Amino acid sequence: MFLATAIALAVVGHQYQNILAQRGVAVPGAIGHLVAPLSRSPSAAGSVNSALVRADPPKAAMSNYENLCLTQGCVKAAAQIIENMDPTTNPCSDFYQFACGQWIQRQSIPDDKSSITQFSIIQDELDAKLRVIVEKPVNPKKDQPHVVNLKNLYQSCVNTSTLDRLGEEPLLKVLRELGGWPVVEGANWKGNSSFNWLQTIIAFRKLGYSHDIIFDLSVIPDFRNNTKHLIDLDQATLGLPDRTYLLKGMSDSVVKAYFKLMTEAASLLGAKNTDQTRKELEDALHFETMLANYSLPREERRNISALYNKMPLSELKKFSPTINWDLYFNSLLVDHIDDDEMINVGVPNFIAQVAKLLQTVDKRTLANYMMWRVVLQSYATLGKAWRDQLHNFNSVLTGKTRENPRWEQCMTSLTGSLGLSLSNLYVKNFFHEDSKDHALSMVKYITNEFLNIIKEVDWMDSATRLRAKNKAEAIVPYIGYPSELMNDTLLSDHYTNVSMKSDEYFKNVMQLRRWSTDYSFGQLRKPHIKGEWKKHAQVAVVNAFYNSLENCIEFPAGILQGAFFSKDRPNYLNFGAIGFVIGHEITHGFDDRGRQFDKDGNNKNWWEHETDEKFKGRAQCIIHQYGNYTVPEINMPVNGINTQGENIADNGGIKEAFRAYRQWVKDNGPEGSLPGLNYTADQLFWISAANVWCGKYRPEVMRLRTISGSHSPAPYRVIGPMSNTIEFAEQFNCPIGSPMNPKHKCTVW
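Quick note on UniProt numbering: the sequence shown kicks off at 1 and runs consecutively.
This is the structure:
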């Protein structure tokens, strides 16, 4: 967990997704939250020729007033498109600027935001609606127990007067229980000979702090037998979003801000000797940098098989004998294990290197680092001085100049901790049921087109083609919400051991962390059930997902609105927007990571060698194409390796959605055009698809996402896929060799 999201807590559905994402499993099709759009002005428009290509469109583009759609939904959609577009830009030069130019110019990022996007606009509206409900006083006679918990947690979070009154006292109490933070205790610290890192990790777990700062322990579905769960031991989480920062050291502005945060925290807690404080915390930071150095970089975690190293506990003991693994596992887990228990060791070299490091590192340095990580997790639950420090750091990391309103922070906390209850309220009060059927119909059309593409590609052998077909046909869609989410009794039972108090935010957070870890670890002896409703019930979010282990796609209730979907507008807009997203998620099952799983969700090589090599060659074309894109505001290249999965999904998804719309028209007939827009339905499909990615980001957060994200910046999520798609060039009459119709195109699916 990194600092920018320190307020968020793990929860069943998202914890499951986050754990798998850390292990490289293609769970987060997560199309929205890791997007990094570029800021472009109209002057950035290309100049293939000064006349707009749309001035000579296909004949069908000419307005036919008898075929205009003049419903309220159509008029509204037309107005939004017109407001977004930059008509001075040649669509064959820069389609992102053409579709989004005026939107970008018109937007001003609020001081308390690092970006503004179509995703964030809808999420903000969704949160504002839910805020009205959770701020209503608890009604003991009407509110279900899970709703009472939700409201109490929210009240404890927004009650900053209580947080300010308590200040750092709750944290000091915890640190005292843990033996104190050496840098604060000074010569009075008594752990020089007695401090034990393992006993301290065990204490973290019991108190409700993360236990993953030396090694990351989780219970996950077995990648190769996903009917069962498995203990997974992986490299540690770090205090910063990516190891890259730490490896740059103090020359990096984010690392400087991070170190400043450490020293200021020690000062707030009473550290006296400034020189000594700095020296000790430099040593602690150096220890974290060593952990980062031993960690496997993101680029090397894309090979799932490389992260699957299953061995019995007895072998792990031989592999790293200096660690008391019996004590480690049987103190942290819910169930007892013995030498025969199978453990998946994700990065064996990390375990070996850190085991050696723990033998040599100074106890005071190790304790300083571990207690710092306790402090790091506590900021959002403390008084104003602490929250101000957190904001100062986040300003460097994300560019925000003002702290988010407290109610927004608290809504984020609810989403991350009691998200099922929040989703229950959202669906009950705001979701339109008919959206589910409409979206499901689109899923069927788009899946069929992906199946057709599998038939048509000329680089697959017949055996691999059949397996791909079987996998695509086996994909399970989850749309809107599971029916169980509406069962208040089920929800209250799920949260039986959770009891939130309206004036104890610090304790509430600790309790929720303990409960969440207990729940996750408690799955070890239970079967992994595909489609279990709790894993698909976090629906008050504007995002979408693909899960390799279940071979399923998920489109939560929160995304079926706004720029993505409306039943009151033409389907060419819906297929361009949510259809693009649907195709994207389907294609994730066949990107560089998703393809490592079979139709049943097991990590299995189902590719014949020759076809496997051809896929890699096509993926390399995508890697090279996107790796040559530069984010101009920060002068950094896109990471073509880390973004390849999302880029493959974007390229396949837009093609599938367009073909699906064409088939829908064959089945249902053409739709009316939009008033004030001299474009064909097909052209409006592409414009709608581009509008999804209209966004504006601060340079700081663009750097963050370029370093640690798996998605390309927004302009390239438009330019990349569309410039690779022949149908796009045909619809806009783009000459061969123009930026949006290059001679050489990259195609996987």
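Here a beta-carbon is modelled for each residue, glycine too, at the ideal position from N, C-alpha and C. Quantities reported herein were computed from a predicted structural model and do not represent experimental measurements.
According to DSSP, is residue 820 part of a helix, a strand, or is it coil? Limits of the chain in this structure are 1 at one end and 749 at the other, which puts residue 820 out of reach.
For D682, count neighbouring Cβ atoms within 10 angstroms of its own Cβ and tell me buried if that reaches 16, exposed if not. Taking the sequence shown and counting its residues from 1, the one referred to as residue 682 is at position 682. With 16 or more Cβ atoms within 10 Å of its Cβ, D682 is classed as buried.
Return the CA-CA distance between residue 750 and I104, expressed in angstroms with no decimal places. Only positions 1 to 749 of the chain appear in this structure, which leaves residue 750 out of reach.
Taking just the CA atoms, how far does Q72 sit from Q596? As a working mapping, residue 596 is identified with position 596 in the sequence shown. As a working mapping, residue 72 is identified with position 72 in the sequence shown. The straight-line gap from Cα to Cα measures roughly 46 Å.
C-beta atoms of K696 and I213 nearer than 8 Å: Your numbering for residue 696 matches position 696 in the sequence shown. Your numbering for residue 213 matches position 213 in the sequence shown. Result no, Cβ atoms of K696 and I213 do not sit closer than 8 Å.
Can you name the residues that DSSP bridges to D232? The residue you call residue 232 lines up with position 232 of the sequence shown. When DSSP reads this structure, D232 sits in a beta bridge with S218, N344.
V701 and G399 closer than 8 Å at C-beta: Working through the sequence shown from its first residue, we reach residue 701 at position 701. Working through the sequence shown from its first residue, we reach residue 399 at position 399. In contact: V701 and G399 (Cβ atoms closer than 8 Å).
So, are the CB atoms of V184 and A79 less than 8 Å apart? Walking along the sequence shown from the start, residue 184 turns up at place 184. Walking along the sequence shown from the start, residue 79 turns up at place 79. It is not a contact, given that the beta carbons lie outside the stated cut-off.
Contacting residues, own chain, Cβ-Cβ under 6 Å from E554 (five flanking each side not counted): The residue you call residue 554 lines up with position 554 of the sequence shown. Around E554: Y478, H536, F545.
Could you check whether K129 and residue 802 sit closer than 8 Å to each other, using their CB atoms as the reference points? It is not possible to answer for residue 802, since the shown part of the chain is limited to 1 through 749.
Rounding to the nearest angstrom, what Cα-Cα distance links H33 and R406 in this structure? The residue you call residue 33 lines up with position 33 of the sequence shown. The residue you call residue 406 lines up with position 406 of the sequence shown. Residue placement at H33 is flagged as unreliable, the pLDDT there being 33, under the threshold of 50; the coordinate-derived value follows with that caveat. Straight-line Cα distance between these residues: approximately 21 Å.
Which runs of the alpha helix (DSSP H) fall wholly inside the segment 518-555 and span at least 4 residues, in chain order? none
State whether the segment 375-395 contacts the segment 116-135, with contact taken as three or more CB pairs (one from each stretch) at a distance under 8 Å. no
Tell me the residue span of the beta strand (DSSP E) that contains S115. Against the sequence shown, residue 115 aligns to sequence position 115. Annotation for S115: the continuous beta strand (DSSP E) segment containing it runs 115-117.
With a threshold of 8 Å, are at least 3 pairs of Cβ atoms found where one atom belongs to the segment 359-375 and the other to the segment 181-196? yes
Which listed residue (G167, V345, Q118, K260) has its alpha carbon closest to that of S218: Counting from one through the sequence shown, the residue named residue 218 turns up at place 218. The shortest Cα separation from S218 among G167, V345, Q118, K260 belongs to V345.
D592: which of E646, S114, Y626 sits nearest, CA to CA? Within the sequence shown, numbered from 1, the residue matching residue 592 stands at position 592. Considering only alpha carbons, the answer is E646.
For Y716, the three-state DSSP class (helix, strand or coil): Sequence index remark: in the sequence shown, residue 716 carries index 716 (1-based). Residue state, collapsed to three classes: helix.
Burial state of M85, where buried means 16 or more other Cβ atoms lie within 10 Å: Working through the sequence shown from its first residue, we reach residue 85 at position 85. The residue is buried, with at least 16 neighbouring Cβ atoms inside 10 Å.
Are the segment 634-648 and the segment 413-422 touching, with three or more C-beta to C-beta distances below 8 Å? no
Note down, in chain order, each residue of its chain lying with its Cβ closer than 8 Å to the Cβ of S253, except the 5 sequence neighbours on either side. Position 253 of the sequence shown, counting from 1, holds the residue named residue 253. So the list reads V396, once near-sequence residues are dropped.
DSSP bridge partner residues for G695 (one or two, in chain order): Within the sequence shown, numbered from 1, the residue matching residue 695 stands at position 695. Note: G695 sits in a beta bridge opposite T117.
Cβ neighbours of N497 in the same chain (closer than 7 Å, five flanking residues each side left out): Numbered from 1 along the sequence shown, position 497 holds the residue referred to as residue 497. Hits under 7 Å: W515.
L68 - DSSP class collapsed to helix/strand/coil: Locating residue 68 in the sequence shown gives position 68, counting from the first residue. L68 falls in the strand class under three-state DSSP.
On a CA-only basis, which of Y661, P670, A385, K363 is nearest F195? Give me that one, please. Reading the sequence shown from its first residue, position 195 is the one you call residue 195. With distances taken between Cα atoms, F195 lies closest to K363.
As a quick exercise: from E341, S331, V334, H588, pick the residue whose alpha carbon is nearest that of K317. On the sequence shown, residue 317 is found 317 positions in, with the first residue counted as 1. Of E341, S331, V334, H588, the residue nearest in Cα terms is E341.
Between which residues of its own chain and N192 is the CB-CB distance below 7 Å, once the five residues before and five after are set aside? Along the sequence shown, read from residue 1 onward, the residue named residue 192 stands at position 192. Closer than 7 Å at Cβ, skipping near neighbours: K363, R364.
CA-to-CA distance, S673 to residue 750, given in whole angstroms: Residue 750 is absent from the structure shown; the chain starts at 1 and stops at 749.
Burial state of V132, where buried means 16 or more other Cβ atoms lie within 10 Å: As a position in the sequence shown, residue 132 is number 132, starting the count at 1. Its Cβ having fewer than 16 others within 10 Å, V132 is exposed.
Counting pairs of Cβ atoms below 8 Å between the segment 550-569 and the segment 597-604, do you hit three or more? Verdict: yes, contact present.
Going by Cα to Cα distance, which pick from W325, H438, G179, L247 is closest to L366? As a working note, residue 366 is residue 366 in the sequence shown. The shortest Cα separation from L366 among W325, H438, G179, L247 belongs to G179.
For the alpha helix (DSSP H) that contains P632, what are its first and last residues? Your numbering for residue 632 matches position 632 in the sequence shown. Note, P632: premise wrong, no alpha helix (DSSP H); not H, not E.
Bounding residues of the alpha helix (DSSP H) (the contiguous stretch that carries Y626): Against the sequence shown, residue 626 aligns to sequence position 626. Taken as a continuous stretch (DSSP letters only), the alpha helix (DSSP H) holding Y626 covers 609-627.
V581 to V443 span [Cα, whole Å]: Counting from one through the sequence shown, the residue named residue 581 turns up at place 581. Counting from one through the sequence shown, the residue named residue 443 turns up at place 443. Distance between the alpha carbons of V581 and V443 is about 10 Å.
Close Cβ partners of E671 (< 8 Å) along its chain, the five nearest in sequence each way excluded: One-based indexing of the sequence shown puts residue 671 at position 671. Close CB contacts of E671 within its chain, under the 8 Å cut and outside five residues either way in sequence, are with C69, P570, N571, Y572, V665, A681 (chain order).
How many angstroms separate the CA atom of C100 from the CA atom of E83? The residue given as residue 100 occupies position 100 in the sequence shown. The residue given as residue 83 occupies position 83 in the sequence shown. Looking at the two C-alpha atoms, the distance is approximately 9 Å.
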